[in-house]
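Accompanying notes for the structure given below.
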Amino acid sequence: MENLTNVTTNSTAGFDGLNTDYPSIMAIDKYVTPIICLIGIPGNILSFVIWMQRRMRHSSGYYLAALALDDLIFLTLHIVFEIHVTWSVSIVDYPVLCETYPILFIASQYLSPFFVLGFTTERYISICHPFKREKYCTIKRAKIVIVCFAVFMLCLTAPHGYFFTMESSVCEVRLSVREGHVKSIYNLYNLSVEMLAFFVVPVAVLVLNILVILELRRLSRVEQAQLHGSPQRTAATTVMLLAVSFYQIITTLPVSITYALQGEFEKPQAGDPDYDRFNHSHMTYNFVQMIIKEYGITHYAFNFIIYVITGKMFRQELKRLLLRPFSKLALHLPRDYTSLRTSVRASENSRTWVSTNGNHAKEIATSETLL
0 MENLTNVTTN STAGFDGLNT DYPSIMAIDK YVTPIICLIG IPGNILSFVI WMQRRMRHSS
60 GYYLAALALD DLIFLTLHIV FEIHVTWSVS IVDYPVLCET YPILFIASQY LSPFFVLGFT
120 TERYISICHP FKREKYCTIK RAKIVIVCFA VFMLCLTAPH GYFFTMESSV CEVRLSVREG
180 HVKSIYNLYN LSVEMLAFFV VPVAVLVLNI LVILELRRLS RVEQAQLHGS PQRTAATTVM
240 LLAVSFYQII TTLPVSITYA LQGEFEKPQA GDPDYDRFNH SHMTYNFVQM IIKEYGITHY
300 AFNFIIYVIT GKMFRQELKR LLLRPFSKLA LHLPRDYTSL RTSVRASENS RTWVSTNGNH
360 AKEIATSETL L
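Be aware that the sequence shown starts at 0, since it is given in numbering that gives the first Met the number 0, and climbs by one per residue.
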């Protein structure tokens, strides 16, 4: 853990020496990640814009807007990371930037699971404790929770501003915090925080989702007449939120597991009697790890696709947003047509014609069919 490669936590890489040792694995990182970012960045921009539309600004909508903005920030910073590490173009090897970049990059990774936990908890309260919905599931409270999460994450990742420093014109982890290797301050801190963000939080989300599903099954047995049709909309929204949270779980936990097993597949030293066997095992593990890493990044990029598939209101708002320029054009055309017709009518009505028998001028009524 000697250079910026270690800025990445389990959701991005954290795979030391992975790219430079094996060109085939390096190729996956070079060409798959840009595709994910090309899908995710426009998708997150559209998602943020749609969730901030007036009709969509309910409490869950604010959580999803915050999630889209955070995912957008992460993918943007991840591009910087890929250029710096994978393509070996020095970008963050500068004072201040070296200390600031890890804080923002890692904080954006941690925020995503916490935002999912936020709207999952809200959905749990809304479904399982409906009488507390008015108190806890409000827009004001959602805004407060979002701000608190953001501040908490920045405070949680602030120590990385100290961990990373410029050494010989290279941004790397301080030697003093790496002493002890596995038991070093740097390693223990990262392990503790990542266990919270990428294991404890997803498991909590999983438990809450299971409770919500069980309650929905119970509610499905109740007559719709007694529910006055309101749970149908709630259930539709819940399906979308469940899809988002479950997708994050199934993309986060595998990365956490492979990251935890990294110590079992260390690269063997030259001269080891079983060097060939262990080296093959190490290479296989790194190949699988890279694939899982790319799979894990997709939850920062593919939420837009989930919204389109599972969210009816989201699709309607997306359609309205995309057709808005054409709608404005269509609104202007009839207005201009009416204005032109009115002006021509007024012009024709103002004309006077003199009869051949010398009578005074008389107005000739015009017809709309002239246009």
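We treat Cβ as the ideally placed atom computed from N, Cα and C, and that holds for glycine.
{"query": "With a CB to CB cut of under 7 Å and the five nearest residues on each side skipped, what residues in its chain are close to A64?", "result": "F47, W50 and M51"}
{"query": "If you run the structure through DSSP and keep just helix, strand and coil, what is E171?", "result": "strand"}
{"query": "Can you find at least 3 beta carbon pairs, one from the stretch 253 to 260 and one from the stretch 301 to 312, that sit closer than 8 Å?", "result": "no"}
{"query": "Helix, strand or coil: which one does DSSP assign to M51?", "result": "coil"}
{"query": "Can you give, in chain order, each stretch of the alpha helix (DSSP H) that sits fully within the stretch 298 to 322 and has at least 4 residues?", "result": "302 to 309"}
{"query": "Suppose only complete runs of 3+ residues qualify. What are the beta strand (DSSP E) ranges in the stretch 41 to 108, listed by chain order?", "result": "none"}
{"query": "Going by other Cβ atoms of all chains shown within 10 Å of its Cβ, with 16 needed for buried, is P324 buried or exposed?", "result": "exposed"}
{"query": "Cβ of R54 within 8 Å of Cβ of E293?", "result": "no"}
{"query": "Select from V243, R216 and G179 the residue whose C-alpha is nearest the C-alpha of L205.", "result": "V243"}
{"query": "Here's a check: name, in chain order, each residue in its chain whose Cβ is nearer than 6 Å to the Cβ of E81, leaving out the five neighbours to either side.", "result": "T32"}
{"query": "Buried or exposed: which applies to F113, given that a residue is buried once 16 or more other Cβ atoms fall within 10 Å of its Cβ?", "result": "buried"}
{"query": "Buried or exposed: where does L68 fall if 16 or more other Cβ atoms within 10 Å of its Cβ makes it buried?", "result": "buried"}
{"query": "Apart from the five residues on each side of it in sequence, which residues of its chain come closer than 7 Å, Cβ to Cβ, to L103?", "result": "L76"}
{"query": "Measure the CB-CB distance between Y299 and D70 and report whether it falls below 8 Å.", "result": "yes"}
{"query": "Do three or more CB pairs link the stretch 124 to 140 to the stretch 161 to 177 at distances below 8 Å?", "result": "no"}
{"query": "So, with DSSP's three-state summary, where would you put E178?", "result": "coil"}
{"query": "Going by C-alpha distance, which of I40, R220 and L153 is nearest L110?", "result": "L153"}
{"query": "Answer with buried or exposed for I138, where buried requires no fewer than 16 other C-beta atoms within 10 angstroms of its C-beta.", "result": "exposed"}
{"query": "Taking DSSP as the reference, what is the three-state secondary structure of T164?", "result": "strand"}
{"query": "Which same chain residues, not among the five before or five after V95, have their C-beta less than 6 Å away from its C-beta?", "result": "none"}
{"query": "Going by the CB atoms, is the gap between A106 and T156 shorter than 8 Å?", "result": "yes"}
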